[in-house]
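**Student:** With my numbering applied, the sequence shown corresponds to residues 844 to 1181, in that order.
The C-beta atom is built at its ideal place from N, Cα and C for all residues, glycine as well.
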Amino acid sequence: MCSVSCLARSQSEMTQRTRSTFAQLVARMAESNGEDAALMLLRVLPVDVAENVLSQLSLESSMRLRRRLRLAPSEPPPIAELDDALAQFFDLLRLIRRRAAMSPDEIAAEQPPPANPIDELKLIPPDQLARAMEGEQAGAVSLILSALDPATVGQIIRRLPAEQRADIALRIAKPGTRNLSLLQPLAKAVVEKTRKLRDVPSAPSQEELIQNLADMLRSFPRNDRMPVVQKLEQADPEIASRVVEKLYRMEDLLRIPDRQIQMLLGKLDVKTVAVALKGAVPAIRQKVTSNMSSRSKSVLEEESELLGSIADSVVREAQGTVLAAVRKGEEDGQITMD
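Printed below as a string of structure tokens:
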């Protein structure tokens, strides 16, 4: 059995991903019936790993374990007790690995069905639940979500249509008792719908479709791309605008000849350029600054130093201004990309 020295050696060899997995397993021990064993391991874990474990627990469990840790003796736990805790940890690890290798049918045959559909609802991943609730009325969705824990509810709401989110959130926040007689059949219907959808591929979101179209158009030569964009603008200006936003990227500056970059910079405010370059890779910054006059470069450096912390939305807006100028230059034939 691995002792304290063995455990310490294992910790020093852990990658960040391994530490995260280790923390998840210890957290599962603490949330089940292995809190004493989890406490024993927390006492000998590095501070960052122990904190990772505690952050993955419910607030109640985390506070209780933190309190017990503060009251625990400062010296390491006895070897025998630590060995028992490690035995429980490795038993859990073996169980998880065995179940990971099992087929869904084998898992279903081994695991008894939950007592009611609400319990089964709690076992379904948030992305699958969100997909199953697409098209449902806000009242029904909010009633189902009221049976789930807040973290799961948050993940589901983020995946629902934007126009539904506020209404559903307000309904969940309203005080009152849940209608269990209605919740049970609703939960059962969602569980059954989830099962039917498991083998059906998810339809791509509009954002994914727009990104795919933009990626495809980026691969076209300019003379082939522009007629498609113009047709799209005639058919659906809103979608065309979103596609065009994704057609041009800051790294495209690297494909523009130096003389054309100089012409482009002459049409842009230096402060806008400074904001747009915030967080840009060195190659892009070098491309821009190498095509500036000494005076403009000095102003750019001053503006960059004055920026400090800046919101991502402000950076994206400035980049949008730069890329709009790139697009205009390309449409007018003043800019070509290698």
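(1) Just to confirm, is the Cβ distance from Glu1076 to Ala1083 under 8 Å?
(2) Should Gln1162 go down as buried or exposed, given a rule of 16 or more other Cβ atoms within 10 Å for buried?
(3) Roughly how many angstroms lie between the CA atoms of Asp879 and Ala990, to the nearest whole one?
(4) Going by DSSP, what residue range makes up the alpha helix (DSSP H) through Ala1057?
(5) Which of the three DSSP states is assigned to Arg1159 in this structure?
(6) Please work out which residues of its chain come closer than 7 Å, Cβ to Cβ, to Gln998, disregarding the five sequence neighbours upstream and downstream, and give them in chain order.
(7) From Phe1063 to Ile1053, what does the alpha carbon distance come to, in whole angstroms?
(8) Sorted by chain position, which residues of the same chain lie with C-beta nearer than 7 Å to Leu1029's C-beta, five sequence neighbours on each side aside?
(9) List the endpoints of the continuous alpha helix (DSSP H) containing Thr1179.
(10) With a cut-off of 8 Å on the beta carbons, I'd call Val1113 and Ser1139 a contact; round off their distance for me.
(11) Please go through the same chain and pick out, in chain order, the residues whose beta-carbon is closer than 7 Å to the beta-carbon of Arg1014, but skip the five residues on each side of it.
(12) For Lys1031, which residues of its own chain have a beta-carbon under 6 Å away from its beta-carbon, when the five flanking residues on both sides are left out?
(13) Quick check: what's the CA-CA separation for Arg886 versus Val1157?
(14) Which two residues bound the contiguous alpha helix (DSSP H) that contains Glu1148?
(15) Can you give the beta carbon distance from Leu1149 to Val1131, rounded, assuming they're within the 8 Å contact cut?
(16) Just mark Asn1066 as buried or exposed, buried being the case when its beta carbon has 16 or more other beta carbons within 10 Å.
(17) Look up Ser904 in the DSSP assignment and say whether it is helix, strand or coil.
(18) Can you look up Met1106 in the DSSP assignment and give me helix, strand or coil?
(19) Please determine if the region 1116-1126 and the region 1160-1174 are in contact, where contact requires at least 3 C-beta pairs separated by less than 8 Å.
(20) Below 8 Å on the Cβ atoms is my guess for Leu1090 versus Ile1127; work out the distance and round it to an integer in Å.
(21) Just to confirm, is the Cβ distance from Leu964 to Val1034 under 8 Å?
(22) Assuming Glu1094 is part of the alpha helix (DSSP H), what are its boundary residues?
(23) If contacts are defined as beta-carbon pairs under 8 Å, then Val1072 and Val1087 qualify, I think. What distance do you get, rounded to the angstrom?
(24) Give every residue of the same chain whose Cβ lies closer than 6 Å to the Cβ of Met976, excluding the five residues on either side of it in the sequence, and list them in chain order.
(25) Candidates Ser1048, Ala1078, Arg1038 and Glu1174: which alpha carbon is nearest Gln971's?
(26) Cutting at 7 Å between CB atoms, please list the residues of its own chain near Arg860, excluding the five before and the five after it.
(27) State the start and end residues of the unbroken alpha helix (DSSP H) segment that holds Glu1006.
(28) Need the endpoints of the alpha helix (DSSP H) that Lys1074 sits in, please.
(29) In whole angstroms, what is the alpha-carbon distance linking Ser898 and Pro993?
(30) Measure the CB-CB distance between Arg1098 and Met1180 and report whether it falls below 8 Å.
(31) Using a 10 Å radius around the Cβ and a threshold of 16 neighbouring Cβ atoms, would you call Val896 buried or exposed?
(32) Could you check if Val996 is buried or exposed, using at least 16 other CB atoms within 10 Å of its CB as the buried criterion?
(33) Pull up the distance between the alpha-carbon of Leu884 and that of Leu912, whole angstroms please.
(34) From Ala1005 to Asn1055, what distance separates their C-alpha atoms?
(35) Using 8 Å as the threshold, is the C-beta distance between Asp807 and Asn1134 below it?
**Tutor:** Taking the geometry as given:
(1) yes
(2) buried
(3) 29 Å
(4) Segment Gln1049 to Arg1061, the alpha helix (DSSP H) holding Ala1057.
(5) The answer is helix: DSSP assigns Arg1159 an H, G or I state.
(6) Pro969
(7) 16 Å
(8) Contacts found: Ala983, Leu986 and Ile987.
(9) Here Thr1179 belongs to no alpha helix (DSSP H), and DSSP marks it neither H nor E.
(10) 6 Å
(11) Only residues of its own chain outside the window of five on either side were considered, and among them Ala981, Gly982 and Ser985 have a CB closer than 7 Å to the CB of Arg1014, listed in chain order.
(12) Closer than 6 Å at Cβ, skipping near neighbours: Pro960.
(13) 45 Å
(14) Note, Glu1148: alpha helix (DSSP H), Ser1137 to Leu1150.
(15) Actually they do not touch by this definition, with Cβ atoms about 18 Å apart.
(16) exposed
(17) The answer is helix: DSSP assigns Ser904 an H, G or I state.
(18) Correct three-state label for Met1106: helix.
(19) yes
(20) Between Ile1127 and Leu1090 the Cβ distance is about 17 Å, and since that is not below 8 Å, they are no contact.
(21) A contact, by the Cβ cut-off of 8 Å.
(22) Taken as a continuous stretch (DSSP letters only), Glu1094 belongs to no alpha helix (DSSP H), as it is neither H nor E.
(23) 6 Å
(24) The answer, listed in chain order, is Val984.
(25) Arg1038
(26) Caution is warranted here: a pLDDT of 49 is assigned to Arg860, below 50, making its placement in the model unreliable, and no coordinate value can be reported.
(27) Judged by DSSP secondary structure, Glu1006 falls within the alpha helix (DSSP H) whose first and last residues are Ala1005 to Ala1016.
(28) Residues Arg1065 to Ala1078.
(29) Answer to the nearest angstrom: the Cα atoms are 15 Å apart.
(30) Judged by beta-carbon spacing, Met1180 lies within the 8 Å limit of Arg1098, meaning their Cβ atoms are closer than that value.
(31) Sixteen is the threshold: when 16 or more other Cβ atoms of the shown chains lie within 10 Å of the Cβ of Val896, as they do, the residue is buried.
(32) buried
(33) 11 Å
(34) Going from the Cα of Ala1005 to the Cα of Asn1055 covers about 21 Å.
(35) Residue 807 is absent from the structure shown; the chain starts at 844 and stops at 1181.
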